[in-house]
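Read the structure below first, then the notes.
In my numbering, the protein residues as written are 5 to 307.
Spelled out as C-alpha cells, the structure:
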C-alpha cells in the first residue's frame with residue numbers, strides 16, 4: 005500500500021473529539037436535491053455501490069464512483085457574484101458530506117455566496133459496513149506506520165479527484181449567468197483530504213484557477229508557490245493529531261512568494277471540527293473565514 009493510501013485510511017478514522025454518536029451506522033442514501041452529475045465518468049475499477057452512514061450526528065458517503073456537484077444558491081438579490089467549491093474531507097475513502105459539505109455551503113449561501121458541494125470520487129472500500137470497520141482496524145493495528153507523503157507525492161496520487169474539481173469549476177463557469185456568479189470570483193474551500201484536493205486544484209488544476217482557496221485542517225507542508233498563486237486562508241488546531249507537528253512550511257512559502265495569506269492556529273479543536281459547535285475557539289473558524297472574504301470583497305460587508 006502506498007504512503008498516500010495509508011494516509012487516506014488514517015484520516016477516515018479521525019474523530020472530531022465528540023464522544024456521542026461515534027458508532028458508524030449504515031443509512032439509506034439521502035435525497036440530494038439539485039445534485040448534478042459531473043462529466044468525469046465512473047471511477048475505473050470501482051465495483052461497490054455508493055454507501056452512506058451516520059456518525060457523530062452527521063452523515064458520510066463511501067464508495068463514490070461518480071462525482072456530483074450540488075448548488076446552494078443565495079437569494080439573487082443578495083448574491084455577491086462570488087462562489088465557493090466546497091470539498092469535504094474523509095481521507096479519499098469517505099466524505100463528511102454534512103459537517104464539511106452541506107452545512108458549510110448553507111452558511112456561505114446565507115452570506116450571499118453561491119456554494120457548490122463537490123462529492124468527488126473515492127478510493128474503494130468494502131461494500132458492507134462491517135467490512136469497512138474491519139479494514140480500518142487492520143490498517144491501524146501497525147505500530148510503525150509509513151511516513152506521510154510530500155504534498156507533491158500526494159497530488160500525483162489523486163488524479164481522478166483533481167479531474168472532478170476541474171469539472172466543477174468548468175460547470176460553474178458554464179452556468180455562471182444562471183447562478184449569478186462571476187467566473188473570475190470562484191474560490192475553493194477544503195477540509196482535511198478536501199484541503200489536500202483544494203491545494204492540488206490550485207497548484208495542478210490547470211484550467212480550474214480558483215480565485216482564492218481555504219485549507220481547513222489540511223497538511224501545511226511547504227510547496228512551490230507559483231507567482232500567481234491565489235490568496236490563501238488556512239486554519240489548524242494545535243492539538244490536531246495529524247498535522248499539528250508538521251511545521252508551517254505552506255504558510256511560510258506563501259508569505260515568501262509575497263502572496264496573500266492568513267493563518268489561524270487554534271489552541272484546541274483536534275481534527276475534523278468543521279461546523280460542529282464545540283467549546284473550543286476553533287468553532288469560530290467560519291466567522292474568521294467570512295471576515296477574510298469580506299476584507300477581499302467576496303462577501304458584502306454587513307451594515
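Glycine residues also receive a C-beta, built at the ideal position from the N, C-alpha and C atoms. Source: prediction; values computed, not measured.
Worksheet item: So the alpha helix (DSSP H) residue 289 belongs to, where does it begin and stop?
Response: Counting from 1 along the chain shown, the entry for residue 289 is found at position 285. Counting along the chain, the alpha helix (DSSP H) containing residue 289 begins and ends at 289-300.
Worksheet item: Are the stretch 197-214 and the stretch 77-92 touching, with three or more C-beta to C-beta distances below 8 Å?
Response: yes
Worksheet item: Per DSSP, what kind of secondary structure is residue 71 in: helix, strand or coil?
Response: By 1-based counting over the chain shown, the position of residue 71 is 67. Residue 71 falls in the coil class under three-state DSSP.
Discussion item. If I measure Cβ to Cβ from residue 85 and keep anything under 6 Å in the same chain, skipping five residues before and after, which residues do I get?
Written reply: The residue labelled residue 85 in the question sits at position 81 within the chain shown. Within the same chain, residue 85 has close Cβ partners 186 and 189.
Practice prompt. Determine the direct distance from the alpha carbon of residue 225 to that of residue 138, and round the result to whole angstroms.
Written response: Position 134 of the chain shown, counted from the start, is the residue given in the question as residue 138. Position 221 of the chain shown, counted from the start, is the residue given in the question as residue 225. Rounded to whole angstroms, residue 138 to residue 225 spans 31 Å at the Cα level.
Discussion item. Using DSSP's beta-bridge definition, name the partner residues of residue 265.
Written reply: Within the chain shown, residue 265 is the residue found at index 261, counting from 1. Residue 265 pairs with 236.
Worksheet item: What do you reckon, are the CB atoms on residue 67 and residue 87 nearer than 8 Å?
Response: Here residue 67 refers to the residue found at position 63 of the chain shown. Here residue 87 refers to the residue found at position 83 of the chain shown. Contact flag unset, no.
Discussion item. Within 10 Å of its beta-carbon, does residue 48 have 16 or more other beta-carbons around it, so buried, or fewer, so exposed?
Written reply: As a position in the chain shown, residue 48 is number 44, starting the count at 1. Flag for residue 48 reads exposed.
Fill in: CB contact flag (residue 83, residue 116, <8 Å)
Here residue 83 corresponds to residue number 79 of the chain shown, with the count starting at 1. Here residue 116 corresponds to residue number 112 of the chain shown, with the count starting at 1. Yes, the Cβ-Cβ distance between residue 83 and residue 116 is below 8 Å.
Discussion item. Let's test the definition: count the other Cβ atoms within 10 Å of the Cβ of residue 179 and tell me whether it reaches 16, buried, or not, exposed.
Written reply: Counting from 1 along the chain shown, the entry for residue 179 is found at position 175. Counting Cβ neighbours within 10 Å, residue 179 comes out exposed, since fewer than 16 surround it.
Worksheet item: Any contact of the stretch 255-266 with the stretch 217-236, i.e. 3+ C-beta pairs under 8 Å?
Response: yes
Discussion item. Cutting at 8 Å between CB atoms, please list the residues of its own chain near residue 290, excluding the five before and the five after it.
Written reply: In the chain shown, the residue the question calls residue 290 occupies position 286. Within the same chain, residue 290 has close Cβ partners 108, 111 and 279.
Discussion item. Please return the same chain residues whose Cβ sits closer than 7 Å to the Cβ of residue 41, not counting the five positions on each side in sequence.
Written reply: Taking the chain shown and counting its residues from 1, one reaches residue 41 at position 37. Excluding sequence neighbours, residue 41 sits near 70 and 72.
Practice prompt. Give me the Cα-Cα distance between residue 160 and residue 169, rounded to the nearest whole angstrom.
Written response: Numbered from 1 along the chain shown, position 156 holds the residue referred to as residue 160. Numbered from 1 along the chain shown, position 165 holds the residue referred to as residue 169. Those two C-alpha atoms are separated by around 15 Å.
Fill in: Proximity winner among 32, 282, 113 and 96, relative to residue 302 (alpha-carbon distances)
Against the chain shown, residue 302 aligns to sequence position 298. If we check each option's Cα against that of residue 302, 113 comes out closest.
Worksheet item: Just the Cα atoms here: how many angstroms apart are residue 300 and residue 171?
Response: Locating residue 300 in the chain shown gives position 296, counting from the first residue. Locating residue 171 in the chain shown gives position 167, counting from the first residue. Straight-line Cα distance between these residues: approximately 26 Å.
Item to complete: Determine the direct distance from the alpha carbon of residue 58 to that of residue 30, and round the result to whole angstroms.
Response: Translated into the one-based positions of the chain shown, residue 30 becomes position 26. Translated into the one-based positions of the chain shown, residue 58 becomes position 54. Their backbone Cα atoms lie some 6 Å apart in a straight line.
Fill in: Inter-stretch contact at 8 Å, needing at least 3 Cβ pairs: the stretch 245-252 / the stretch 209-219
no
Worksheet item: Under the three-state reduction of DSSP, which class applies to residue 99: helix, strand or coil?
Response: As a position in the chain shown, residue 99 is number 95, starting the count at 1. Residue 99: strand per DSSP, three-state reduction.
Worksheet entry | Whole-angstrom C-beta distance between residue 288 and residue 241, which should lie under 8 Å | Translated into the one-based positions of the chain shown, residue 241 becomes position 237. Translated into the one-based positions of the chain shown, residue 288 becomes position 284. Their Cβ separation, rounded to whole angstroms, is 12 Å, which puts residue 241 and residue 288 out of contact at 8 Å.
Worksheet item: Among all the DSSP beta bridges, which residues are the ones paired with residue 88?
Response: In the chain shown, the residue the question calls residue 88 occupies position 84. Answer is 119 and 191, bridged to residue 88.
Worksheet item: What are the start and end residues of the beta strand (DSSP E) that includes residue 31?
Response: Taking the first residue of the chain shown as 1, we reach residue 31 at position 27. Segment 29-31, the beta strand (DSSP E) holding residue 31.
Discussion item. Quick check on DSSP: helix, strand or coil for residue 196?
Written reply: Here residue 196 is taken as the residue at index 192 of the chain shown, counted from 1. The answer is coil: DSSP assigns residue 196 none of H, G, I, E or B.
Discussion item. Taking only three categories from DSSP, how would you classify residue 21?
Written reply: Sequence index remark: in the chain shown, residue 21 carries index 17 (1-based). Residue placement at residue 21 cannot be trusted, given a pLDDT of 45 that sits under 50; the coordinates are not used to answer.
Worksheet item: residue 65 and residue 101 look like a contact to me (Cβ under 8 Å); what is the Cβ gap, rounded to whole Å?
Response: Start at 1 with the first residue of the chain shown, and residue 65 comes out as number 61. Start at 1 with the first residue of the chain shown, and residue 101 comes out as number 97. Right, their Cβ atoms sit about 5 Å apart.
Discussion item. Assuming contact is defined by CB atoms lying nearer than 8 Å, are residue 118 and residue 164 in contact in what I supplied?
Written reply: Your numbering for residue 118 matches position 114 in the chain shown. Your numbering for residue 164 matches position 160 in the chain shown. Against a cut-off of 8 Å, the Cβ pair of residue 164 and residue 118 comes out as no contact.
Worksheet item: In three-state DSSP terms, what is residue 220?
Response: Taking the chain shown and counting its residues from 1, the one referred to as residue 220 is at position 216. In this structure, residue 220 counts as strand in the three-state DSSP scheme.
Practice prompt. Could you tell me the boundaries of the alpha helix (DSSP H) in which residue 173 lies?
Written response: Start at 1 with the first residue of the chain shown, and residue 173 comes out as number 169. Unbroken alpha helix (DSSP H) run through residue 173: 163-178.
Worksheet entry | Run of the alpha helix (DSSP H) containing residue 108, from where it starts to where it stops | For this step, residue 108 is matched to residue 104 along the chain shown. Residues 107-114.
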